[in-house]
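Residue numbers (the numbering used here), protein chains in the order written: chain A, 3 to 296; chain P, 243 to 607. Here is the structure we will look at, set down as structure tokens.
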């Protein structure tokens with residue numbers, strides 16, 4: 003046994019140990035984000051099954067739409083739309099299956115009470131999950147994008163790279179912000195979580211326009227753009243990635259859609275923070291949610 | 243820790259009611275506790291006694307319905323962050339973390355939640371892995387650990403932040419004898435390293451509580467029935483001195499002993515193996531005396547009867563005896579089965595302690 007394993011950072015008293023500076027609090031929350039992101043990033047290398055489920059299967063779905071569009075002699079950009087949509091599917095799957103149900107799963111594993119009993123802000127844990135999920139899904143999305151682009155000969159025409167990157171990252175922050183909100187909701191609803199996941203998956207696929215321009219849905223598309231980060235983000239990215247299209251690709255201009263994404267990010271992250279605090283208050287008052295057997 | 247330090251744990255009229263149908267459940271019903279810094283304190287009680295509810299309140303996971311609770315002076319309702327910085331907890335059968343991670347990685351992840359720097363975290367993790375004896379499992383995936391190894395890892399997790407107070411809820415549940423012993427040694431070593439470190443332990447294993455705890459509260463139905471050191475609690479129910487004798491022979495039977503002054507009762511007992519002299523037959527006798535002073539007369543009388551004493555042991559009541567006396571049922575018995583509802587709360591309808599149940603024995607001869 004090492005000599006000082008039981009004394010790491012000696013403190014004079016419990017009172018001294020309990021008083022943290024603002025810097026300590028901030029650093030602990032930032033480290034929590036990194037710490038909680040770590041399992042997801044490591045999981046990339048350890049669980050190879052994702053290569054099949056999250057690359058090959060979306061690629062096949064994308065291919066099916068490519069062949070349909072080609073058979074219908076649709077404009078060539080449509081192949082690019084589908085490839086972009088296929089890549090973004092990875093993020094939606096991650097949000098709806100992992101992010102949203104994560105707290106519920108953490109509760110059943112007994113992790114949640116340890117998270118609540120630790121000194122960091124629980125929002126940092128959820129942010130860590132989101133960051134880890136983004137890294138994990140980005141690699142999957144990149145593989146789908148590159149492979150499909152090469153296989154189907156997609157040509158991108160980008161005039162505003164910075165705006166495209168900004169829209170991409172805003173889409174992710176808004177999407178994972180929504181995931182954080184869903185995580186709290188799913189925790190409240192317990193066993194119904196998976197039913198809700200199944201219920202949401204296909205409708206969101208559809209109204210987000212993953213395989214076609216969402217503008218084609220008329221009012222429903224406009225509603226989706228106003229509410230769903232994936233719909234508005236994808237619409238903006240298509241406009242920016244195929245700037246030379248001979249016809250209007252998206253509905254509102256990408257600058258406006260970027261602003262919508264900023265608003266969504268702020269709203270979803272604030273809502274998630276409020277919901278987590280409410281959840282913790284409820285958990286402590288009612289004696290459930292965090293405690294595995296209750 | 244100065245003399246004016248606040249108590250490590252202080253509860254006043256702590257009450258917790260769970261809303262349930264058809265009737266609300268009173269889990270804690272006015273708990274008053276004082277645990278001083280540096281104490282190893284045990285909570286003993288059957289399932290449903292309120293132990294875990296109490297721990298959940300003290301670890302800030304649950305609000306009390308009424309009453310107060312403080313950890314080192316910090317209020318569990320309003321000063322949760324301060325408490326969470328100085329405490330940690332480990333529960334028996336804990337399956338926390340992620341099976342895909344290696345032991346080292348899992349512990350590092352938790353170290354980040356307590357604000358350790360990345361490199362500092364890896365160093366700390368390696369120290370603790372060595373300390374708990376998991377060096378061979380350092381790079382093993384969490385999902386492949388045995389129950390005992392997993393619990394050692396949980397202990398390493400619990401010690402990452404140098405807690406001043408450690409809550410242990412059935413920490414050796416499901417462990418084999420050697421793993422449980424390793425865990426107990428670990429707790430004691432950690433506690434001894436810094437004066438003032440405090441442990442609150444709940445356990446079903448009376449011997450474990452007896453061995454580790456300086457003081458114990460026996461709880462049932464959300465109430466504290468008794469508090470004291472194991473010795474005090476046992477003494478509280480021991481009204482007579484009980485001895486067990488191994489004799490080479492006893493002419494006249496136990497009746498000859500029962501007539502002696504100071505002897506309350508004498509009865510033959512099954513002879514223990516290993517106390518006989520080779521193939522010789524021995525006689526075992528249980529003696530109940532008014533007090534220890536009566537023993538001299540018994541020894542003299544046995545000499546007069548020509549009996550040779552092969553072994554003499556004093557029997558003490560166990561914590562289980564104390565528990566039965568106070569609660570009115572055995573530890574694993576269904577509640578209410580032997581309860582006399584007309585008796586004062588916490589008292590048994592039949593208060594006879596079960597002294598025959600493997601008494602702890604002090605070797606005298």
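Ideal placement from N, C-alpha and C gives every residue a C-beta, glycine not left out. Treat the numbers as computed from the prediction; the structure is a model and nothing was measured.
Through-space distance from residue j to residue i, alpha-carbon basis
i: residue 222/A; j: residue 209/A; result: 7 Å
i: residue 419/P; j: residue 334/P; result: 14 Å
i: residue 253/A; j: residue 295/P; result: 56 Å
i: residue 536/P; j: residue 471/P; result: 27 Å
i: residue 257/P; j: residue 168/A; result: 53 Å
i: residue 268/P; j: residue 408/P; result: 26 Å
i: residue 382/P; j: residue 372/P; result: 14 Å
i: residue 104/A; j: residue 219/A; result: 32 Å
i: residue 503/P; j: residue 527/P; result: 17 Å
i: residue 84/A; j: residue 240/A; result: 10 Å
i: residue 149/A; j: residue 224/A; result: 31 Å
i: residue 474/P; j: residue 384/P; result: 43 Å
i: residue 317/P; j: residue 247/P; result: 15 Å
i: residue 45/A; j: residue 404/P; result: 29 Å
i: residue 126/A; j: residue 116/A; result: 14 Å
i: residue 428/P; j: residue 255/P; result: 33 Å
i: residue 452/P; j: residue 461/P; result: 15 Å
i: residue 517/P; j: residue 525/P; result: Because the pLDDT at residue 517/P is just 46, under 50, the model does not fix this residue reliably, and the value given afterwards should be weighed accordingly. Approximately 10 Å, taken between the alpha carbons.
i: residue 86/A; j: residue 26/A; result: 42 Å
i: residue 523/P; j: residue 455/P; result: 41 Å
i: residue 12/A; j: residue 328/P; result: 12 Å
i: residue 438/P; j: residue 281/P; result: 8 Å
Partner residues on chain P for residue i, Cβ-Cβ distance less than 7 Å
i: residue 34/A; result: 354 and 355
i: residue 301/A; result: Absent from the structure is residue 301/A, since the part of chain A shown begins at 3 and ends at 296.
i: residue 115/A; result: 303
i: residue 26/A; result: 357
i: residue 29/A; result: 357
i: residue 122/A; result: 355
Inter-residue CB distance, residue i and residue j (contact presumed, cutoff 8 Å)
i: residue 483/P; j: residue 544/P; result: Incorrect: roughly 16 Å between the Cβ atoms, too far for contact.
i: residue 179/A; j: residue 55/A; result: Going by Cβ atoms, the distance from residue 179/A to residue 55/A rounds to 25 Å, so no, they are not a contact pair.
i: residue 398/P; j: residue 358/P; result: Not quite, the Cβ-Cβ distance comes to about 13 Å (not below 8 Å), so this is no contact.
i: residue 489/P; j: residue 552/P; result: 6 Å
i: residue 37/A; j: residue 60/A; result: In fact, because the Cβ distance is near 30 Å, the residues do not count as touching under 8 Å.
i: residue 277/P; j: residue 442/P; result: 7 Å
i: residue 156/A; j: residue 81/A; result: 6 Å
i: residue 493/P; j: residue 548/P; result: 7 Å
i: residue 8/A; j: residue 351/P; result: Not confirmed; about 21 Å, so no contact.
Closest residue to residue i among the options (Cα-Cα distance)
i: residue 282/A; options: 212/A, 242/A, 186/A and 232/A; result: 186/A
i: residue 262/A; options: 177/A, 146/A and 115/A; result: 177/A
i: residue 506/P; options: 347/P, 533/P and 273/P; result: 533/P
i: residue 213/A; options: 91/A, 51/A and 145/A; result: 91/A
i: residue 238/A; options: 154/A, 44/A and 257/A; result: 257/A
i: residue 511/P; options: 275/P, 494/P and 485/P; result: 485/P
i: residue 94/A; options: 206/A, 275/A and 276/A; result: 206/A
i: residue 181/A; options: 10/A, 96/A and 66/A; result: 96/A
i: residue 387/P; options: 339/P, 369/P, 432/P and 400/P; result: 339/P
i: residue 315/P; options: 496/P, 481/P and 252/P; result: 252/P
i: residue 283/P; options: 291/P, 459/P, 305/P and 466/P; result: 459/P
Contacts that residue i makes with chain A (C-beta to C-beta distance below 7 Å)
i: residue 343/P; result: 41 and 44
i: residue 442/P; result: Those do not exist, as residue 442/P stays about 14 Å from chain A at its closest Cβ, beyond 7 Å.
i: residue 314/P; result: 16 and 17
Neighbour list for residue i in chain A, Cβ cutoff strictly below 8 Å
i: residue 436/P; result: 8, 9 and 12
i: residue 351/P; result: 37, 38, 40 and 41
i: residue 432/P; result: 8
i: residue 366/P; result: 10
i: residue 338/P; result: 111, 112, 113 and 116
i: residue 370/P; result: 7
Proximity test, residue i beta-carbon vs the ligand MG heavy atom, cut-off 7 Å
i: residue 546/P; result: The ligand MG is absent from the structure shown, which contains no ligands of any kind.
Within chain P, the residues that residue i reaches when beta carbons sit closer than 9 Å
i: residue 22/A; result: 323, 324, 327 and 357
i: residue 48/A; result: 342, 343 and 383
Proximal residues of chain A, C-beta to C-beta of residue i below 9 Å
i: residue 310/P; result: What residue 310/P touches in chain A: nothing, since even the nearest Cβ is about 15 Å away.
i: residue 404/P; result: 8, 9, 10, 11, 12, 13 and 19
i: residue 347/P; result: 40, 41 and 44
Can you list, in chain order, the residues of the region 265–290 of chain A whose Cβ is nearer than 7 Å to any Cβ on chain C? No chain C is part of this structure, whose protein chains are labelled A and P.
Threshold first: 4 residues or longer. Then list the alpha helix (DSSP H) segments lying entirely within the region 317–360 of chain P, N to C. 322–328 and 345–355
Those runs of the alpha helix (DSSP H) which lie wholly inside the region 199–239 of chain A and span at least 4 residues: 221–229
Can you list the beta strand (DSSP E) stretches of 3 or more residues lying completely in the region 461–507 of chain P, in chain order? 465–470 and 483–489
Alpha helix (DSSP H) runs contained entirely in the region 32–76 of chain A, provided each spans 4 or more residues: Runs of the alpha helix (DSSP H) inside the region 32–76 of chain A: 59–73.
Can you give, in chain order, each stretch of the beta strand (DSSP E) that sits fully within the region 379–412 of chain P and has at least 3 residues? 407–411
For a minimum of 4 consecutive residues, which ranges assigned as the alpha helix (DSSP H) are wholly contained in the region 89–162 of chain A? 102–111, 113–119 and 124–154
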